[in-house]
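Asker:
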Amino acid sequence: MSRRGFFKLLGKSIAQAAAEFTYEATKPNKEYVRPPGSADEDTFLKLCTKCGECVKSCPTGVLNLVKDMHPVVLDTPYMNFENNYCEKCYSCIDACKSGALKRENLEKFKLVARLKKETCVAFEHIFCQSCYWSCPKMDRAITLIDVTYPEFHSEHCIGCGRCIHSCPTNPKSIEMVKVEVKGEG
């Protein structure tokens with residue numbers, strides 16, 4: 001190994017150890033929707049080196065870096081559905097060299113959209129079918145009751161966030177949550 005390679009490796013190791021120590025010392029109070037292939041939040045934050053390569057590789061721009069001044073989450077990637085939606089191309093996973101994003105995690109965790117009826121305009125008798133028409137799994141992940149009221153079916157949701165991106169309310173009436181994938185049998 002060259003001298004330059006040695007110091008580069010040493011620098012990464014020190015940065016990762018510092019991130020783990022900081023994380024254990026103080027945990028953030030806000031949760032972020034992490035990119036596809038992330039494990040649980042603790043594991044993700046311990047492995048993420050904050051290099052930003054996943055964000056650079058994202059073709060839709062849905063990935064951003066956290067700018068919250070909390071030292072643990074600062075400059076970690078999250079999905080900002082205000083900007084766009086996820087095409088599920090997984091270029092972010094391919095760009096991640098630290099192991100914070102892995103294809104194996106896609107089998108363990110998935111993102112699903114959840115409707116917040118209390119802020120959805122359809123439940124205020126205002127015509128809106130934005131989430132329904134934007135959904136690539138229309139009539140499966142999102143159905144309409146009486147041609148008006150959206151109903152979400154998490155078992156069919158692919159977690160792309162198109163429904164959130166298209167939602168006209170502010171704040172959004174749809175949230176993305178990470179759930180553990182249940183095993184067969």
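Quick note: the sequence shown uses full-length UniProt numbering, first residue 1, plus one each step.
The beta carbon of each residue, even a glycine, is placed where N, CA and C say it ideally should be.
Note that the structure is a prediction, hence the values are computed from the model and not measured.
#1: Taking just the CA atoms, how far does Cys92 sit from Glu107?
#2: Who are the near neighbours of Val181 in its chain, counting only those whose CB is closer than 8 Å to its CB and skipping five residues on each side?
#3: Return the bridge partner residues of Leu63 from the DSSP annotation.
#4: What three-state label does DSSP hand Ile142 in the structure shown?
#5: Between which two residues does the beta strand (DSSP E) holding Lys110 run?
#6: Helix, strand or coil, according to DSSP, for Lys102 in the structure here?
#7: Report the option in Ala141, Gly61 and Cys128 whose CA atom is closest to the CA atom of Thr148.
#8: Output the boundary residues of the beta strand (DSSP E) element that contains Tyr149.
#9: In whole angstroms, what separates the C-alpha of Thr76 from that of Lys30?
#10: Beta-carbon within less than 7 Å of Cys131's beta-carbon, same chain only, minus the 5 sequence neighbours each way: which residues are those?
Answerer: Let's see:
#1: 16 Å
#2: Glu107, Lys108, Phe109 and Lys110
#3: In the DSSP output, where bridge partners are listed per residue, Leu63 has Met79.
#4: In the three-state reduction of the DSSP assignment, Ile142 falls in the strand class.
#5: Phe109 to Leu115
#6: In this structure, Lys102 counts as coil in the three-state DSSP scheme.
#7: Cys128
#8: Run containing Tyr149: Tyr149 to Phe152, per the beta strand (DSSP E) assignment.
#9: 13 Å
#10: Ile142, Pro150, Cys163, Ser166, Cys167 and Ile174
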